[in-house]
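Novice: Before anything else, here's the structure in question.
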Ligand code: KG4
Ligand code: ZN
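Numbering (the working numbering), first residue to last: 434 to 798.
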């Protein structure tokens with residue numbers, strides 16, 4: 434008997450948890466453990482729309498997801514040379530995120546799946562970030578320590594496999610991305626602040642201002658938790674001392690001083706992230722680190738982690754730069770890896786719900 438060609442399982446992923454509409458197709462061979470590959474993806478960022486407001490306006494985000502999600506799906510399927518009926522599974526971000534924004538992706542995914550008689554799977558957004566390095570040219574292997582740094586979360590996890598996540602530490606107040614964004618806003622850099630602050634920091638002196646490194650020293654030095662709220666206050670205090678006002682903290686301050694503050698802020702955030710990641714590696718005895726989430730795109734963080742980890746013989750993995758921030762590929766990939774690992778139950782029950790607040794460590798508990 435001639436051998437049948439391997440059957441490809443194609444997963445359509447839809448991400449709509451915040452200010453990016455992402456759609457992608459990821460494929461893997463049925464019955465094989467070979468890593469899924471990205472077939473096609475498309476993304477629409479709402480940054481321009483929210484910029485005028487200095488942050489994400491949830492109602493506008495939801496409406497824009499509605500406008501974008503079907504055209505993006507058509508574009509992705511066209512790029513992949515697929516018809517809708519070629520899709521085997523539709524995955525969507527079930528949470529965490531903005532409730533209205535999540536409902537758009539979930540609603541569209543379930544309606545499309547129902548019309549096509551295909552199963553659906555709700556995916557945890559952070560699991561998507563966490564697993565994205567498996568799409569890179571240099572994918573990690575389990576077990577590893579994951580540093581998850583996004584706009585809403587900062588967590589260190591021990592990852593022993595798909596769905597096997599142990600929370601080791603997390604921020605007790607602001608997330609790292611939030612610290613970038615809030616400081617950037619004070620410095621007059623607009624939204625989203627992380628990339629803008631990082632760009633300006635290349636022209637500044639990281640040692641110009643002494644900013645706090647919370648939980649790095651003293652009796653809480655051993656904790657794997659983070660705290661970034663004090664950093665924001667310290668920057669604020671410096672700016673007011675330099676002549677800024679409560680309404681416009683950066684007003685009247687020279688461009689070089691603002692660049693120095695950006696560099697000093699970035700240095701403080703990255704030093705804390707690197708220090709705690711190394712502590713987690715040491716405490717666990719693991720020699721592999723995976724960095725995921727939007728802040729993982731930060732060049733300075735990558736450089737410092739590379740240097741520190743190389744010194745200790747630790748391997749570091751990052752997602753492709755374009756897949757660090759929110760996208761549909763990470764959602765399709767997480768669904769594909771879960772199905773491959775036998776840790777998902779896609780369903781034809783299309784009565785969906787979303788989980789705006791959802792703890793990753795509790796997923797498979
Ligand atoms: O993962 P993500 O796209 O969305 C969430 O799930 O939150 O992360 C967005 C966050 C924002 O806070 C943004 O400012 C930050 O990632 N970010 C960066 C950089 N690129 C994105 N922060 C520092 N440096 C960057 N290059
Ligand atoms: Zn995200």
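In this text, a Cβ means the ideal position worked out from N, Cα and C, and glycines have one as well.
Predicted, not measured: the structure shown is a model, and the values here were computed from it.
Indicate whether at least one CB of chain C lies closer than 9 Å to the CB of residue 481.
Specialist: Reference to chain C is not applicable here, since this structure consists of a single protein chain.
Novice: In three-state DSSP terms, what is residue 594?
Specialist: In the structure shown, residue 594 sits in a strand (DSSP, three-state: E or B).
Novice: Looking only at its own chain, which residues have a Cβ that is under 7 Å from the Cβ of residue 734, when we skip the five neighbours before and after it?
Specialist: Excluding residues within five positions, the ones whose Cβ falls inside 7 Å are 703, 706, 728.
Novice: Evaluate residue 715 with the Cβ neighbour count: other Cβ atoms within 10 Å of its Cβ, from every protein chain shown; 16 or more gives buried, anything less gives exposed.
Specialist: Exposed, by the Cβ-count rule.
Novice: Indicate, with yes or no, if the ligand ZN has a heavy atom lying under 8 Å from the CB of residue 564.
Specialist: No, the Cβ of residue 564 stays beyond 8 Å of every heavy atom of the ligand ZN.
Novice: What are the start and end residues of the alpha helix (DSSP H) that includes residue 541?
Specialist: Where residue 541 is concerned, the enclosing alpha helix (DSSP H) stretches over 532-549.
Novice: Around the ligand KG4, what residues have a beta-carbon under 5 Å from a heavy atom of it, in chain order?
Specialist: Listed along the chain, these residues meet the criterion: 583, 584, 585, 610, 613, 614, 625, 627, 628, 631, 726, 727, 728, 730, 731, 758, 759.
Novice: Can you pull the DSSP bridge partners for residue 455?
Specialist: DSSP output for residue 455 lists 448, 476 as bridge partner(s).
Novice: Who are residue 489's beta bridge partners in DSSP?
Specialist: Residue 489 pairs with nothing; no bridge assigned.
Novice: For the ligand ZN, I want to know if residue 450 counts as a neighbour, meaning its beta carbon is within less than 8 Å of at least one of the ligand's heavy atoms.
Specialist: Indeed, a heavy atom of the ligand ZN lies less than 8 Å from the Cβ.
Novice: Would the C-beta of residue 558 count as close to the ligand ZN, meaning under 8 Å from any of its heavy atoms?
Specialist: Because some heavy atom of the ligand ZN lies under 8 Å away, the Cβ of residue 558 counts as near it: yes.
Novice: Where does the unbroken beta strand (DSSP E) through residue 721 begin, and where does it stop?
Specialist: Counting along the chain, the beta strand (DSSP E) containing residue 721 begins and ends at 721-725.
Novice: Determine the direct distance from the alpha carbon of residue 441 to that of residue 708, and round the result to whole angstroms.
Specialist: So the alpha carbons of these two residues sit roughly 42 Å apart.
Novice: Measuring only the C-alpha atoms, how far is residue 639 from residue 725?
Specialist: Distance between the alpha carbons of residue 639 and residue 725 is about 24 Å.
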